[in-house]
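Engineer: Reminder that position 40 of the sequence shown reads as 192 in our numbering, one-by-one numbering, no gaps. For glycine and all other residues, C-beta sits at the position ideal for the given N, C-alpha and C.
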Amino acid sequence: MVSSKNIINKCLFPVAGYGTRFLPATKAMPKEMLPIVNKPLVQYAVEEAMEAGLTDISFVTGRGKRAIEDHFDVSYELETQINGTSKEKYLAGIREIMECCNFTYTRQREMKGLGHAILSAAPIIGDNPFAVALADDLCMQASDSNGVLAQMTEIFQQFRCTILAVQEVPHDEVHKYGIVSGEVMKDRLIRVTDMVEKPSVEEAKSNLAIIGRYIMTPDIFDFIRETPPGKNGEVQITDAIKAQSEKGLVLAYKFKGSRFDCGSVEGFVEATNYCFENHYYSE
Ligand code: UTP
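#1: Counting pairs of beta carbons, one from the region 162 to 170 and one from the region 272 to 292, are three or more of them closer than 8 Å?
#2: Can you give me the Cβ contacts of leucine 271 inside the same chain, cut-off strictly under 8 Å, excluding the 5 residues immediately before and after it?
#3: Considering only their Cβ atoms, is the gap separating isoleucine 363 from valine 421 smaller than 8 Å?
#4: Using DSSP with H/G/I as helix, E/B as strand and the rest coil, what is isoleucine 159?
#5: Output needed for phenylalanine 174: all residues of its chain with C-beta closer than 7 Å, excluding positions within five of it in sequence on either side, in chain order.
#6: Give the secondary structure of lysine 406 by DSSP, where H, G and I count as helix, E and B as strand, and everything else as coil.
#7: So does aspartate 391 have its beta carbon nearer than 7 Å to some heavy atom of the ligand UTP?
#8: Rounded to whole angstroms, how far is the Cβ of alanine 269 from the Cβ of alanine 168, which I believe are closer than 8 Å?
#9: With a threshold of 16 other CB atoms inside 10 Å of the CB of glutamine 309, please say whether the residue is buried or exposed.
#10: Spell out a yes or no on whether the region 232 to 246 and the region 338 to 347 are touching, meaning 3 or more CB-CB pairs, one atom from each, closer than 8 Å.
#11: Which residue's Cα is closest to the Cα of aspartate 288: Phe407, Gly171 and Gly409?
#12: Buried or exposed: where does tyrosine 142 fall if 16 or more other Cβ atoms within 10 Å of its Cβ makes it buried?
#13: Going straight from the alpha carbon of valine 326 to that of glutamate 231, what length do you get?
#14: Quick check on the burial criterion: 16 or more other C-beta atoms within 10 angstroms. Buried or exposed for proline 192?
#15: If we require 3 or more residues per run, which beta strand (DSSP E) segments fall completely within the region 247 to 274?
#16: Tell me the DSSP secondary structure of aspartate 225 in three-state form.
#17: What is the DSSP secondary structure of methionine 181, counted as helix, strand or coil?
#18: In its own chain, which residues sit with a C-beta less than 6 Å from the C-beta of glutamine 303, not counting the 5 before and 5 after it?
#19: Around the Cβ of lysine 179, are there at least 16 other Cβ atoms within 10 angstroms (buried) or fewer (exposed)?
#20: Which residue spans inside the region 380 to 432 form an unbroken beta strand (DSSP E) run of at least 3?
#21: Since I believe threonine 369 is in contact with alanine 438 (beta carbons under 8 Å), could you give me their beta-carbon distance rounded to a whole number of angstroms?
#22: Looking only at its chain, what residues have a beta carbon closer than 8 Å to the beta carbon of serine 358, apart from the 5 residues adjacent to it on each side?
#23: What does the alpha-carbon distance come out to for the pair lysine 338 and tyrosine 405?
#24: I'd like to confirm the pairing. Which residues does DSSP put opposite serine 333 in its beta bridges?
Below you can see the structure in the form of structure tokens.
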């Protein structure tokens, strides 16, 4: 952990979306609880936050998401059954998380987009910088580096500004992402000068796609409040960060490691195979 000198300790998980691409699996179960082998997506992301010293974990939930709260709480019957048996090892990972982290929950009453979901958490975040992790983007660390959130908190110590994790994507996929462009500052860091949500190939000024890891300074809440609904009638976080980048420094960071889009069936299957082959699940 890098917690001792960490000036961020909060990580926000917006999990209120419907997960329609995984229906019917997500009819009564949150998308974030879908397992990659035997560990739910959301647990991988919380572990990544914990590794970065982000131990205040907040969820923006919606209706039908109670399984997430139950997952990060004690299950007395199960504990009693399993205590002292060889199966206890399966609970070691989740027990460590519950010992190290605090959990808070707030609700997004209407699905008005990621920007709106983040704004719903303003009262629990307060006037502090915070990380945001979208659990359906599964990030796996490279052998020579920390997890993505730990890499980003380290950069934050130096620049104290909003930071977006980005990845180069094939040009024919830019329409699926928020795309950033800007000036290269140094290795892996770009000063953002423009951002556009889900552009066409012609509109896109680069192929640098924002993935589901952010660090935000708390003034982002004011930018979100001033952001009108954009694409699909949703309050787009990309629009709010673009406004923020026009007033001050916003960085895009080309992270080390791999990322799987587990919000799509193809990415989910790819992640499952990767984690199984590399033993990245609860053994
Ligand atoms: P997605 O659009 O990928 O998630 O939002 P979704 O809506 O659940 O999935 P599909 O497209 O219907 O299959 C990215 C993230 O933002 C959260 C989602 O839970 C997901 O983690 N989100 C999105 C919210 O919390 N609230 C919203 O209003 C929108």
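Structural biologist: Taking the coordinates as given:
#1: Flag = yes, the region 162 to 170 and the region 272 to 292 touch.
#2: Within the same chain, leucine 271 has close Cβ partners Phe373, Ile376, Arg377 and Val387.
#3: Taking C-beta atoms as the reference points, valine 421 and isoleucine 363 fail to come closer than 8 Å.
#4: Coil at isoleucine 159, not helix or strand.
#5: Excluding residues within five positions, the ones whose Cβ falls inside 7 Å are Lys183 and Leu186.
#6: Lysine 406 falls in the strand class under three-state DSSP.
#7: No, the ligand UTP has no heavy atom inside 7 Å of this Cβ.
#8: Taking the Cβ atoms as the reference, alanine 269 lies roughly 5 Å from alanine 168, within the contact range of under 8 Å.
#9: With fewer than 16 Cβ atoms within 10 Å of its Cβ, glutamine 309 is classed as exposed.
#10: No, because fewer than three Cβ pairs between the region 232 to 246 and the region 338 to 347 fall closer than 8 Å, the two stretches do not touch.
#11: Distances from the CA of aspartate 288 to each of Phe407, Gly171 and Gly409 were compared; the closest alpha carbon is that of Gly171.
#12: An answer regarding residue 142 cannot be provided, because it is not within the stretch 153 to 435 covered by the chain.
#13: A direct Cα-to-Cα measurement between valine 326 and glutamate 231 gives close to 46 Å.
#14: Looking at its Cβ environment, which holds 16 or more other Cβ atoms inside 10 Å, proline 192 is buried.
#15: Correct list: 254 to 259.
#16: In this structure, aspartate 225 counts as coil in the three-state DSSP scheme.
#17: Reduced to three states, the DSSP call for methionine 181 is coil.
#18: Annotation for glutamine 303: Phe407 place their beta carbon closer than 6 Å to its own, counting only its chain and skipping 5 residues before and after.
#19: So lysine 179 ends up on the exposed side.
#20: Secondary structure within the region 380 to 432: the beta strand (DSSP E) runs of 3 or more consecutive residues, fully enclosed, are 402 to 406 and 410 to 413 (chain order).
#21: Any answer about residue 438 is impossible in this case: the structure gives the chain only from 153 up to 435.
#22: If we look at serine 358 and ignore the five residues flanking it on each side, its Cβ neighbours are Ile331, Val332 and Ser333.
#23: Going from the Cα of lysine 338 to the Cα of tyrosine 405 covers about 10 Å.
#24: Serine 333 pairs with Asp346.
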